[in-house]
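S.K.:
Right, here's the structure in full:
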């Protein structure tokens, strides 16, 4: 079964990671078959200053605008 690596900006709660791990595991079992015990999910928290898109660090990008 698979090992899934998930890279996220730091700051997500344990509860959110737990829920995501549960959903990823369920999807793998549904599509690939096998047992949930065979699915590994590894979370890596990345600081915004350690990730860039389009040549710009995420720590330097404007925060998303709130919905009005």
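In the numbering used here, the protein residues as written are 71 to 138. From the three backbone atoms N, C-alpha and C, an ideal C-beta is built for every residue, glycine too. A quick note: this is a predicted structure, and the numbers were derived from the prediction, not measured.
Decide if the segment 125 to 136 is in contact with the segment 89 to 107; the criterion is three or more beta carbon pairs, one per stretch, under 8 Å apart.
M.R.: Contact fails: fewer than three Cβ-Cβ distances are below 8 Å.
S.K.: Is the beta carbon of residue 91 closer than 8 Å to that of residue 111?
M.R.: yes
S.K.: What does the alpha-carbon distance come out to for the pair residue 82 and residue 123?
M.R.: 20 Å
S.K.: Can you give me the C-alpha to C-alpha distance between residue 106 and residue 113, rounded to a whole angstrom?
M.R.: 17 Å
S.K.: Tell me the rounded alpha-carbon separation between residue 75 and residue 115.
M.R.: 11 Å
S.K.: Could you tell me the alpha carbon to alpha carbon distance between residue 108 and residue 101, rounded to whole angstroms?
M.R.: 13 Å
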